[in-house]
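Worksheet: one structure, shown below.
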Amino acid sequence: MKRCLHCSQTFESRDWFCPDCGWRPEKSSLVPVFSPELARSSSGFKASYFAPLAARESDHFWFRARNALIVWALEKYGAGVSSFMEIGCGTGFVLQGIAGHFPHVRLFGSEIYPEGIAFAAERIAGAEFMQMDARNIPFAEEFDVVGAFDVIEHIDEDETVLKQIYSALKPHGLLLLTVPQHRWLWSAVDDHACHVRRYTARELHAKVTRAGFRIERSTSFIVSLLPPMLAYRLMQRGKGNTFNPHEGLNIHPVLNKFFEGCLRLELALIRGGVSFPVGGSRLVVAKKTDKTVSNI
Ligand SMILES: [Zn+2]
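Going by my numbering, the sequence shown opens with residue 2, and the numbers climb by one from there.
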């Protein structure tokens, strides 16, 4: 169902015209725009980052390995998925990966920045895109799976987002989350990425559970690369204001291959049932329940 952001009425319709109050979102380049003020004013991510990101991510170990992890999680925990919404789809690299493995799934992508949607719409022709504020999602019981990959750490009201995702999911729907982890890894990289926080497992589990989800699986990843990650961050600390945000995208090809190999090995272990306690990021897979309390 769609949910009117003006009167909160839910309705089934092909377009966004609310049958109750007549409200409809703005449109820009044929994409519905639900939160134009946020698109103009948001500081959560630098829109100028999209072009270099789109150019490098398909070869970059970090994005490739994260896609492999997400696709695996969706295959394992999202049996029978027919609709998938990605919150904060950026340039569409994740959605493109999902489209390749799940050609029959209806794909939806939302983003604060229209600049990101332009790249994403070019990559995945069959998906539906919208500009949206994740704190106010215009759907109710609509999706089998909602994913937010390295998104909620940018948002002050992360618990509001989790509750909105809960409402947008069908009964027993699935939440896939990745977030940056460990406060002791905080550095200029986080400052520049406009992160509000890096999570602890305890904090993330508590928030996901409070939103009504039951945690199905939780594991760290980027475990084997913690030493180089820590070294890189300590180097950035010494550089002060000279931090170059694009440096992390420009990695030597040999190192890039080696790092991807390390992360593929981690994924093999995760597939085998290993859940890592520490790592640069954390994956949480959680199911919509009737507000039952999780044991994890
Ligand atoms: Zn309405």
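Built from N, CA and C at the ideal position, the CB exists for glycine as well.
query                                                                                                                            : result
3-residue-minimum beta strand (DSSP E) runs that sit fully inside the region 81-129, ordered along the chain                     : 84-88, 107-112
Distance, residue 260 Cα to residue 235 Cα                                                                                       : 19 Å
Range of the contiguous alpha helix (DSSP H) that encloses residue 210                                                           : 202-211
Through-space distance from residue 184 to residue 198, alpha-carbon basis                                                       : 8 Å
Residue 29 classed as buried or exposed, judged by whether at least 16 other C-beta atoms fall within 10 angstroms               : exposed
Coil, strand or helix - residue 40 by DSSP                                                                                       : helix
Contact shell at 6 Å, judged by CB to any heavy atom of ligand 1, ordered along the chain                                        : 5, 7, 8, 10, 19, 21, 22, 24
Distance, residue 36 Cα to residue 137 Cα                                                                                        : 9 Å
For residue 24 and residue 265, the rounded distance between their alpha carbons                                                 : 48 Å
Reduced DSSP secondary structure (H/G/I, E/B, other) of residue 181                                                              : strand
Segment contact, 8 Å Cβ cut-off, at least three pairs: the region 115-123 with the region 139-148                                : no
Stretch-stretch touch, CB-based, cutoff 8 Å, three pairs: the region 126-137 with the region 170-185                             : no
For residue 158 and residue 70, the rounded distance between their alpha carbons                                                 : 26 Å
Burial state of residue 276 (16 or more Cβ within 10 Å)                                                                          : exposed
Element boundaries [alpha helix (DSSP H), containing residue 262]                                                                : 254-272
Close-in-space but distant-in-sequence residues of the same chain around residue 213 (CB under 7 Å, 5 per side omitted)          : 167, 289, 290, 292
Integer-rounded CB distance, given that residue 211 should sit under 8 Å from residue 160                                        : 7 Å
Residue 33, DSSP secondary structure in three states                                                                             : strand
Beta-carbon contacts of residue 32 that lie in its chain and below 8 Å, excluding the five residues immediately before and after : 115, 118, 122, 130, 131, 132
Endpoints, beta strand (DSSP E) assigned at residue 138                                                                          : Looking at the DSSP string, residue 138 is not in any beta strand (DSSP E), and its letter there is neither H nor E.
Rounded distance between the beta-carbons of residue 34 and residue 86, thought under 8 Å                                        : Their Cβ separation, rounded to whole angstroms, is 17 Å, which puts residue 86 and residue 34 out of contact at 8 Å.
C-beta atoms of residue 186 and residue 101 nearer than 8 Å                                                                      : no
Where residue 26 falls, given that 16 or more other Cβ within 10 Å makes a residue buried                                        : buried
Helix, strand or coil at residue 194 [DSSP, three-state]                                                                         : coil
Delimiting residues of the alpha helix (DSSP H) encompassing residue 153                                                         : Where residue 153 is concerned, there is no enclosing alpha helix (DSSP H), given that its DSSP letter is neither H nor E.
Cβ pair residue 219, residue 285 closer than 8 Å                                                                                 : yes
Residue 133, DSSP secondary structure in three states                                                                            : coil
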